[in-house]
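S.K.: Using the UniProt record's numbering, read the sequence shown as starting at 1 and increasing by one per residue. Beta carbons: idealized from backbone N, C-alpha and C, even for Gly.
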Amino acid sequence: MNAETAISAAALPFAVPTSRWDDSVAGTLSPAELLLYRSNLLGSDLTVTNFGGGNTSAKLTETDPLTGEAVEVLWVKGSGGDIGSMKLDGFATLYQHKLLGLEQHYGGPDDDDKMVGYLPHCTFNLNGRAASIDTPLHSLLPFAHVDHVHPDAIIALAASSGGEAATREIWGGKIGWLGWKRPGYTLGVMLRDYVAAHPGVEGVMLAGHGIICWADSAKACYEHTVQLIADAANYLNAKLAGGPAFGGRAVAPHPDRAAIAADLMPRLRGCMTGVRRKLGHFSDDAEALEFVGSVDFARLAALGTSCPDHFLRTKIAPLTLDPARLQDDAYLAEQIAAYRAMYAAYYERCKRPNSPPMRDANPVVVLVPGVGRITFATDKTTARLAGEFYGNAINVMRGAEAIGDYIALDEQEAFDIEYWLLEEAKLQRMPAPKPMVGRIALVTGGAGGIGAATAARFLREGACVVLADRDAAAAEEVRAGFARQFGADVVRAVACDVTDEAQVKAAFDFAAREFGGLDVLVANAGIASSAPIEQTTVELWDRNFDVLAQGYFLTAKHAWPLLKRMKDQGGSSVVFIGSKNAVAAAAGASAYASAKAAANHLARCLALEGAPEGIRVNVVNPDAVIRGSKIWDGDWRKERAASNKVDAGEELEAHYRNRSMLKRDVVPEDIAEAAYWLGSDLSAKSTGNMINVDAGNVQAFTR
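Below, the structure written as structure tokens:
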């Protein structure tokens, strides 16, 4: 996308949703399934609600498993779920009469947290799904079906000084307005009392928070929700049609912004010290470019976000950078340090006597005029979602400013949401992260047997992985399989011939732009050849050295600047996949063995050079990894069979197995296990080493 296309796209109005209800589908569903159908339709349409945002409910008649009597049960989205992808087990189910009886325990706004503790006592049928903090908004309203969503067009009204007047203008009193109140039981009581005092109202705008509406059937509720959002979008689109948003353009998009991001992200990541490493996500979408390049950018960015869903993902405010100083490492370090100091001061100003300890003070959102939006988090999905939520916040600001002044969350209110004891309890219940979460690995030859097995090993432990392979189609096939297994966020594929320096550099730029940098390089791309010395051509000799020696040199050279950035965060790792032939002479394979020996010695040299930079360099020496290896699929298998005077089939495998001291086959997963150990903190005090994974070969003993 060029700069002009980006800006014209940014000027497009708010998307106007339309009903996607299908009676032929809905007619086959039970009442609970209809609630799920409605919820999935709403949540899967990002013009209707954000990922993980919004909640839906239905009051259904069920048979009490204890008494056998018919009882009214509230089905409501459970805590932490996503209505777009949830299943039936994502709903909390609670006795409605017990929920209504909770009011006897409510003494006022100070009891909000206490009231949450009563919700589990209302559970129907031993359902283990925790009820969300918004449950009272649904239980205290006397309607069968209730939707609560916060799409951009609605939040733009809810977060504007002109929002209440606009709400009256759009809906003529059919939609009410409640001032800001943090989600909880008190808001539920306020909402119930407002509706009782305004008979005929069809929904209520919750300032800073979203809209809640209702109907007598699942279909009517869904279509009512969609229509309200469409009304808001159409109204704002008309207001925005008169001129540029955010005061117009001040900074044009940089034509090389992707390259700038690839250079900038590892340098920022290296400054973000803390308990866990960060992963980055870069966006130069039209909305981001329009906002960061606008006249009003500095004023609006400083305000932070408005909707609690946005704020919890993006922190109190973004970090903004001067595009003219991005090459200045001292400037970047100063800006990160200043942000941490700002965040610490915010914590000290707002903390309560019982507040949890201060969390990570590093910025989540980094905005750069002309470049776009960069977000950081401890896992890739969270980083991506933070970017998407800030994109929602940009849209909200655009709409809010079109009808008045954008209003962000009050600082104390924002703090009380971020450090809510209930939110802290939820965080404490989360399982411990896998050991490689926050780490980025690039594996050359990633589509081959050893490369794919190594990538899978890192992915299983939580790492993000870039598969680099000269066979782009094969790399994409492996990536797609891993995406299904581990999730699309954590794996990428890039075409890379390790003998082409431009492609090598581009692969590492790609890793930096997609994930934020690099922690582990596994240099694995290889070939193999076998020929007596008299039949070894210069071309064959050069080909082996191009791939196995120069290829390893080029990948290490271009990985080095990224790996150095992680010195203050515990260092980084390079793993060369060598060969038994690198340390044990082999007749009839002088080109291959000599090139492998050169790569192994290069690793030792790099271990010396890398130690002061916190870069460990080690080697895994496999032998005869036949099954699952692409190298053994071609001429190499025939050549080694001929050299050893055995059949190229099972006889060859038996030959290598029986030649080993342990009489065992070596498979790609065995090499992957050693590569993982050397790439992880398990080997944090090992560098300059070789590990043989060859089932035992006395000739290859390294000492």
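#1: Quick one: what does DSSP say residue 118 is sitting in, helix, strand or coil?
#2: Tell me which residues share the same chain as residue 181 and place their Cβ nearer than 7 Å to its Cβ, disregarding the 5 neighbours each side in the sequence.
#3: Mind checking residue 430: buried by the 16 CB within 10 Å criterion, or exposed?
#4: Please name the residue in 65, 513, 613 and 574 whose C-alpha comes closest to that of residue 599.
#5: What number of angstroms, rounded off, separates the C-alpha of residue 261 from the C-alpha of residue 374?
#6: Could you tell me how far apart the beta carbons of residue 252 and residue 293 are, in whole angstroms, since I believe they sit closer than 8 Å?
#7: Whole angstroms is fine: what's the gap from residue 145's alpha carbon to residue 79's?
#8: In whole angstroms, what separates the C-alpha of residue 47 from that of residue 151?
#9: Please confirm whether residue 94 and residue 126 have their CB atoms less than 8 Å apart.
#10: Who are the Cβ neighbours of residue 16 in its own chain at under 7 Å, not counting the five residues just before and after it?
#11: Which residues in the same chain have their Cβ closer than 6 Å to the Cβ of residue 14, if we skip the five residues on either side of it in sequence?
#12: Here's a check: name, in chain order, each residue in its chain whose Cβ is nearer than 8 Å to the Cβ of residue 697, leaving out the five neighbours to either side.
#13: Between residue 496 and residue 412, how many whole angstroms is the CB-CB distance? I'm expecting something under 8 Å.
#14: If we count the other Cβ atoms within 10 Å of its Cβ and call it buried at 16 or more, is residue 161 buried or exposed?
#15: Who are the near neighbours of residue 604 in its chain, counting only those whose CB is closer than 7 Å to its CB and skipping five residues on each side?
#16: Go ahead and pull the three-state DSSP assignment for residue 123.
#17: Please work out which residues of its chain come closer than 6 Å, Cβ to Cβ, to residue 507, disregarding the five sequence neighbours upstream and downstream, and give them in chain order.
#18: From residue 315 to residue 202, what distance separates their C-alpha atoms?
#19: Residues in the same chain with beta-carbon distance under 6 Å from residue 166, minus the five sequence neighbours each way, listed in chain order, please.
#20: Please identify the residue among 538, 615 and 546 whose C-alpha is closest to the C-alpha of residue 560.
#21: At the level of alpha carbons, what is the spacing between residue 239 and residue 408?
#22: How far does the beta strand (DSSP E) with residue 576 in it extend, from its first residue to its last?
#23: Using three-state DSSP, classify residue 155 as helix, strand or coil.
#24: So is residue 275 buried or exposed if we call it buried at 16+ other beta carbons inside 10 Å?
#25: Excluding the 5 residues flanking residue 692 on each side, which residues of the same chain have their C-beta closer than 6 Å to its C-beta?
#26: Suppose the cutoff is 6 Å on Cβ atoms and the five residues either side in sequence are ignored; what does the same chain contact list for residue 179 look like?
#27: Check this for me: beta carbons of residue 177 and residue 204, under 8 Å apart or not?
#28: Can you round the beta-carbon distance between residue 378 and residue 278 to whole angstroms, since I take them to be within the 8 Å contact cut?
#29: On the DSSP letters alone, give me the boundaries of the alpha helix (DSSP H) that residue 239 sits inside.
#30: Since residue 265 contacts residue 513 with CB under 8 Å, what's their CB separation in whole angstroms?
#31: In chain order, what residues of the same chain have a beta carbon less than 6 Å from the beta carbon of residue 653, not counting five sequence neighbours either side?
#32: For the beta strand (DSSP E) that residue 60 lies in, which residues bound it at each end?
#33: Within its chain, find whatever has a CB closer than 7 Å to the CB of residue 96; leave out the 5 residues flanking it on each side and keep chain order.
#34: Between 685, 463, 35 and 564, which lies nearest to residue 219 when the distance is taken from Cα to Cα?
#35: Checking 8 Å against the spacing of the C-beta atoms, do residue 478 and residue 443 come in under that value?
#36: How would you call residue 682, buried or exposed, if buried means at least 16 neighbouring beta carbons within 10 angstroms?
M.R.: Per the coordinate set shown:
#1: Correct three-state label for residue 118: coil.
#2: If we look at residue 181 and ignore the five residues flanking it on each side, its Cβ neighbours are 187 and 190.
#3: Under this definition residue 430 is an exposed residue.
#4: Taking only the C-alpha atoms, the option nearest residue 599 is 574.
#5: Per the coordinates, the alpha-carbon of residue 261 lies some 8 Å from the alpha-carbon of residue 374.
#6: Rounded, the Cβ-Cβ distance is 6 Å, consistent with contact.
#7: Going by the C-alpha atoms only, they are around 18 Å apart.
#8: Approximately 6 Å between the Cα atoms of the pair.
#9: A distance of 8 Å or more separates the beta carbons of residue 94 and residue 126.
#10: Cβ neighbours of residue 16 beyond the five flanking positions: 230, 233 and 234.
#11: So the list reads 153, 233, 236 and 237, once near-sequence residues are dropped.
#12: Once the five neighbours on either side are set aside, the close Cβ partners of residue 697 are 580, 584, 623, 659, 660 and 661.
#13: About 51 Å separates the two Cβ atoms, so there is no contact after all.
#14: So residue 161 ends up on the exposed side.
#15: Here the set comprises 688.
#16: In this structure, residue 123 counts as strand in the three-state DSSP scheme.
#17: Taken in chain order, the residues that qualify are 468, 494 and 496.
#18: For residue 315 and residue 202, the distance between alpha carbons rounds to 34 Å.
#19: Once the five neighbours on either side are set aside, the close Cβ partners of residue 166 are 157 and 403.
#20: The shortest Cα separation from residue 560 among 538, 615 and 546 belongs to 615.
#21: Between the alpha carbons of residue 239 and residue 408 lies a gap of roughly 21 Å.
#22: Run containing residue 576: 572 to 577, per the beta strand (DSSP E) assignment.
#23: Correct three-state label for residue 155: helix.
#24: Exposed is the call here.
#25: Excluding positions up to five away in sequence, the list reads 621 and 700.
#26: 207.
#27: Between residue 177 and residue 204, the gap from beta carbon to beta carbon is short of 8 Å.
#28: Confirmed, Cβ separation roughly 6 Å.
#29: From DSSP, the alpha helix (DSSP H) with residue 239 extends over 218 to 240.
#30: About 7 Å separates the two Cβ atoms, so the contact holds.
#31: Result list for residue 653: 626, in chain order.
#32: From DSSP, the beta strand (DSSP E) with residue 60 extends over 55 to 63.
#33: Excluding positions up to five away in sequence, the list reads 59, 72, 73, 74 and 139.
#34: Residue 35 holds the alpha-carbon nearest to the alpha-carbon of residue 219 among 685, 463, 35 and 564.
#35: For the 8 Å CB-CB criterion, residue 478 and residue 443 do not form a contact.
#36: By the 10 Å Cβ count, residue 682 comes out exposed.
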